[in-house]
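Order-wise, the sequence lines are chains P and D.
Taking this note's numbering, the leading residue of the first sequence gets 2, the next gets one more, and so forth.
Taking this note's numbering, the leading residue of the second sequence gets 2, the next gets one more, and so forth.
Note that the Cβ used here is the ideal one computed from N, Cα and C, for glycine as well.
Single-structure report; data block below.
There are 2 protein chains.
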Amino acid sequence: MADIPNKKPTSYDVAKLAGVHRSAVSRAFSDGKSISDETRRKVVEAAQSIGYRVNYLARGLHAQNSGLVGIVASRLETSHRARQVKLISGELVKSGFTPILLTADGVEDLRGHMSGLLNFNVSGMIITSDTPPPDIIEECSHLSVPVVLINRAPSVAGADRVQLDIKAAGRMAFQMLHEAGATRFGVLEPKAQTYSVVGRAREFAQNCKSEGFDVTIIKTEEQSYKDGLAASDDIQSALDSFDGIFCTTDLMAFGVLDGLRIRHDVSVPEQVRILGFDDADQAEWSGYNLSTISQNIEDSGKVAVELMMKRLADPSRILETRTIALTSVHRGTTHQRPKF
Amino acid sequence: MADIPNKKPTSYDVAKLAGVHRSAVSRAFSDGKSISDETRRKVVEAAQSIGYRVNYLARGLHAQNSGLVGIVASRLETSHRARQVKLISGELVKSGFTPILLTADGVEDLRGHMSGLLNFNVSGMIITSDTPPPDIIEECSHLSVPVVLINRAPSVAGADRVQLDIKAAGRMAFQMLHEAGATRFGVLEPKAQTYSVVGRAREFAQNCKSEGFDVTIIKTEEQSYKDGLAASDDIQSALDSFDGIFCTTDLMAFGVLDGLRIRHDVSVPEQVRILGFDDADQAEWSGYNLSTISQNIEDSGKVAVELMMKRLADPSRILETRTIALTSVHRGTTHQRPKF
DNA sequence: ATGAAAGCGCTAACAC
DNA sequence: GTGTTAGCGCTTTCAT
Chain P
2 MADIPNKKPT SYDVAKLAGV HRSAVSRAFS DGKSISDETR RKVVEAAQSI
52 GYRVNYLARG LHAQNSGLVG IVASRLETSH RARQVKLISG ELVKSGFTPI
102 LLTADGVEDL RGHMSGLLNF NVSGMIITSD TPPPDIIEEC SHLSVPVVLI
152 NRAPSVAGAD RVQLDIKAAG RMAFQMLHEA GATRFGVLEP KAQTYSVVGR
202 AREFAQNCKS EGFDVTIIKT EEQSYKDGLA ASDDIQSALD SFDGIFCTTD
252 LMAFGVLDGL RIRHDVSVPE QVRILGFDDA DQAEWSGYNL STISQNIEDS
302 GKVAVELMMK RLADPSRILE TRTIALTSVH RGTTHQRPKF
Chain D
2 MADIPNKKPT SYDVAKLAGV HRSAVSRAFS DGKSISDETR RKVVEAAQSI
52 GYRVNYLARG LHAQNSGLVG IVASRLETSH RARQVKLISG ELVKSGFTPI
102 LLTADGVEDL RGHMSGLLNF NVSGMIITSD TPPPDIIEEC SHLSVPVVLI
152 NRAPSVAGAD RVQLDIKAAG RMAFQMLHEA GATRFGVLEP KAQTYSVVGR
202 AREFAQNCKS EGFDVTIIKT EEQSYKDGLA ASDDIQSALD SFDGIFCTTD
252 LMAFGVLDGL RIRHDVSVPE QVRILGFDDA DQAEWSGYNL STISQNIEDS
302 GKVAVELMMK RLADPSRILE TRTIALTSVH RGTTHQRPKF
């Protein structure tokens, strides 16, 4: 193994060694080609001996695409997103693709990344960061590169999408809190435009109203732990107005819980019921035991890849939006004290 | 628009449109080539009008590599790892590479992924899952593909590595707990072989002993929240033996804290001081306020990419191991009650 | 500064 | 079943 690492061996080198033609080498490494067992054996052996491997780049030059698929994700550091990306990545690999992961926090990143991915002749893109600018979506569809959007605003056309059912989310949140005995509702709504988060806040409020209850919208800057912590002050300062709060992300719910219990000595769920959204890993930790709504991201990963493959198979098929089921997760912050 | 998405435009199409040769198109899109402003303008214009983009796959066929870099990560769903991957991915992009993300939970996955990456002529790989089998490392170095290992056992040669200073970690953990007044120590050590985690447990124990203190090793199955929770029972059942516990991952520390406080009504840090490791996002949440040791993963991402690029530039340079600085993070579980 | 031509490593269509 | 021959889209000498 003290070889000088020369140039990488090519199919030509293998052919020479095995005493066959380059095309035989190619056949040996592709399925369903007509080649004798004997030849294949010789080729594989020769290949192994010099450490040859098919160059997918060269192969992809011939096929119209590379088998690479771009994933663009934001806020990868959150439990929910990380799990989602892991799943998507796994699904892609399972289907024979190779995932390129790019993280984008902001539309400009996204645009740059999508543009860059195009240069790699990706087979498709799965976006779970921001909503891509229409012109770049346009460009993708022009180049027949499937784009699948996960939980992004339906403001742009030209992409398949997988989405949670926002209306169902709002309704489910209302019901869970209501069944837990709440009648004076509050909901956390981030100022930053995150379509899906803001959407469920609105739907929730809508539900409360149409059922004849009061709702207070508590504005937050963003949608993370510290925003929930800040919101807990608002809640405390008007505690009489609330006995049920829908925190539109689990992260905010954790902040609210910590703020309420530690800063303000408010007891959950006795004084206020708290409901999250996402079913982050921490939701089931004993310290939180948070009731929440789960997005079934296992499905969403599968579905995203499925939609991509369908469009790959038939680029002219009608645009599809698939809805992901929600599951209510009843834990300690809505019904009773956490039990251990 | 309603164009039929034909084949993707090639440099030839652009050339024809701009009235120049294909090579001029190539020059227009590479830096530092001699081409007149006038020609470049024409080319760029023509390219834009038909939506041409350089095909990196074809380009990479010529250059010996693709600009793709593989990242193989395990346990992506943990805050620590997700942050790390995000950073590495960002650093790579900043340096002009494109990250392929593969998640591997287990050595067999790893082997398969590394092998697959080789087919893409990746410029390098950054591994932060398991320790790769020697033969595949061997193959990489034979093909002059740099491999950088992050916090993996030094049992294999042939790869540059970035590592936290295990000895320093053990010492720092001892000091932090000792300075917080602990004299009867415990340390959580996962059975599963995770080099870095087990290593710091051992070093910690070593330090306690050499300073003349008792240490109890508390075995855990793995290294996550539920393992910490389980360990809290062991701690409780021998509470007199402990007043300072080093939880070798933050995740376990959270479990220990929840178990101690909720299940067993033990107060931290009065009865027992708790120290974590990683500085996960949740460590600074008010509910935990966990004292811990931070790995400065910002650095580790940068350094990993740097090592990769250095080896790319000079494949024969001597193998390098870089050590990442540690920072002690004093919060509420070692010194005093959390304040708010 | 530009065009011509060769070739990166592989696959596919065609003969035999 | 196997060899031959064209390319896939791009870059890079080498002339001019």
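Host beta strand (DSSP E) of P:GLN164 (start-end): Per DSSP, P:GLN164 belongs to the beta strand (DSSP E) from 161–165.
Quick test of the definition: if touching needs 3 or more C-beta pairs under 8 Å, does the segment 200–217 of chain D touch the segment 235–251 of chain D? Verdict: yes, contact present.
Interface residues of the segment 118–143 of chain D facing chain P [CB-CB below 9 Å]: Listed by position, the residues of the segment 118–143 of chain D near chain P (Cβ gap below 9 Å) are LEU118, LEU119, ASN120, PHE121, ASN122, GLU139, GLU140, SER142 and HIS143.
Strictly below 7 Å CB to CB, what residues from chain D border P:ALA83? Ordered by position in chain D, the residues that pass the 7 Å Cβ test against P:ALA83 are LEU77, GLU78 and ALA83.
State the beta-bridge partners of P:LEU69 as determined by DSSP. Answer is P:THR99.
Determine which residues of the segment 269–285 of chain P have a Cβ less than 7 Å from any Cβ of chain D, and write them out in chain order. Along the segment 269–285 of chain P, going in chain order, the ones with a CB nearer than 7 Å to a CB of chain D are ASP282 and GLN283.
Along the chain, where does the alpha helix (DSSP H) containing P:LYS311 start, and where does it finish? Following the DSSP letters along the chain, one finds P:LYS311 inside the alpha helix (DSSP H) bounded by residues 298–314.
Who are the neighbours of P:THR334 on chain D, taking C-beta pairs under 8 Å? Contact annotation for P:THR334 against chain D: no contact, minimum CB-CB distance about 13 Å [criterion: below 8 Å].
Residues in the segment 254–270 of chain P with C-beta within 9 Å of chain D's C-beta atoms, listed in sequence order? Of all residues in the segment 254–270 of chain P, those with a C-beta nearer than 9 Å to a C-beta of chain D are PHE255, GLY256, LEU258, ASP259, GLY260, ARG262, ILE263 and ARG264, reading in chain order.
Taking the C-alpha atoms as reference points, what is the distance between D:THR104 and P:LYS87? Between D:THR104 and P:LYS87, the alpha-carbon positions lie close to 7 Å from each other.
Within 10 angstroms of its Cβ, does P:ASP8 collect 16 or more other Cβ (buried), or is it exposed? A small correction: the amino acid at residue 8 of chain P is Lys; Asp does not occupy that position in the sequence shown. Counting Cβ neighbours within 10 Å, P:LYS8 comes out exposed, since fewer than 16 surround it.
Report the option in D:GLY245, D:LEU258 and D:SER27 whose CA atom is closest to the CA atom of D:ARG185. The candidate whose alpha carbon is nearest that of D:ARG185 is D:GLY245.
Using a Cβ cut-off of 7 Å (strictly closer), state whether D:SER233 contacts chain P. Under the Cβ criterion of 7 Å, D:SER233 is not counted among the residues facing chain P.
DSSP beta-bridge partners of P:GLY245: Per DSSP, P:PHE186 and P:ARG274.
P:ILE101: contacting residues in chain D (beta-carbon distance under 8 Å): What P:ILE101 touches in chain D, judged by beta-carbon distance under 8 Å, is LEU69, THR99, PRO100, ILE101 and LEU102, going in chain order.
Give me whichever residues DSSP pairs with P:PRO191 in a beta bridge. Partner(s): P:THR221.
May I have the straight-line CA-CA distance separating P:ALA29 from D:LEU77, to the nearest angstrom? Answer to the nearest angstrom: the Cα atoms are 36 Å apart.
Just how far apart, CA to CA, sit D:ARG84 and D:ILE298? CA-to-CA, the gap between D:ARG84 and D:ILE298 works out to about 8 Å.
Proximity winner among D:ILE167, D:ASP235, D:ALA281 and D:GLY288, relative to D:ASP259 (alpha-carbon distances): From the listed residues D:ILE167, D:ASP235, D:ALA281 and D:GLY288, the smallest Cα separation to D:ASP259 is found for D:GLY288.
Less than 7 Å between the beta carbons of D:ILE294 and D:LEU327, yes or no? With a cutoff of 7 Å on beta-carbon distance, D:ILE294 and D:LEU327 are scored as near each other.
Chain D contact residues for P:GLY288, given Cβ-Cβ distances below 8 Å: What P:GLY288 touches in chain D: PHE255, LEU258, ASP259, ARG262, ILE263, GLY288 and TYR289.
Under 7 Å between the Cβ atoms of D:ARG54 and P:ASN120? Going by C-beta atoms, D:ARG54 is nearer than 7 Å to P:ASN120.
Does any residue of chain P have a CB that is nearer than 7 Å to the CB of D:SER90? Closer than 7 Å to some Cβ of chain P, the Cβ of D:SER90 qualifies, so yes.
Report yes or no: is there a C-beta of chain D within less than 7 Å of the C-beta of P:LYS87? Yes, its Cβ sits closer than 7 Å to a Cβ of chain D.
Take the Cβ of P:GLU147 as the centre, count every other Cβ of all protein chains shown within 10 Å, and call the residue buried at 16 or more, exposed below. Here the sequence assigns Pro to residue 147 of chain P, which means Glu is not the residue at that position. Burial call: buried.
Among the candidates P:SER145, P:TYR57 and P:HIS63, whose CA atom is the shortest distance from the CA of D:LEU69? Nearest to D:LEU69 by C-alpha distance, out of P:SER145, P:TYR57 and P:HIS63, is P:TYR57.
Roughly how many angstroms lie between the CA atoms of D:GLY256 and P:LEU102, to the nearest whole one? Each residue's Cα considered, the two are about 31 Å apart.
Quick check on DSSP: helix, strand or coil for P:ARG323? DSSP places P:ARG323 in strand when its eight states are reduced to three.
Along the chain, where does the beta strand (DSSP E) containing P:VAL330 start, and where does it finish? Segment 328–330, the beta strand (DSSP E) holding P:VAL330.
For the beta strand (DSSP E) holding P:SER295, just list the boundary residues, first then last. Boundaries of the beta strand (DSSP E) harbouring P:SER295: 293–295, taken from the DSSP string.
Cβ contact (3+ pairs, closer than 8 Å) linking the segment 151–171 of chain P and the segment 314–329 of chain P: Flag = yes, the segment 151–171 of chain P and the segment 314–329 of chain P touch.
Counting only the same chain and skipping the five closest in sequence on each side, list residues whose C-beta sits under 7 Å from that of P:ALA3. With a pLDDT of 35 at P:ALA3, under the threshold of 50, the predicted position of this residue should be treated as unreliable, though the coordinate-derived value follows. Cβ within range, chain order: n/a, list empty.
List the residues of chain P that D:GLY107 touches, going by C-beta distances under 8 Å, in chain order. Result: empty, since nearest Cβ-Cβ is about 13 Å, beyond 8 Å.
What is the rounded straight-line gap between the Cα of P:MET126 and the Cα of P:MET309? Answer to the nearest angstrom: the Cα atoms are 8 Å apart.
Strictly under 7 Å for the Cβ-Cβ distance: is D:TYR57 near chain P by that measure? It does; some Cβ of chain P falls within 7 Å.
Those residues which DSSP pairs with D:ILE127 across a bridge: Partner(s): D:ILE72 and D:VAL149.
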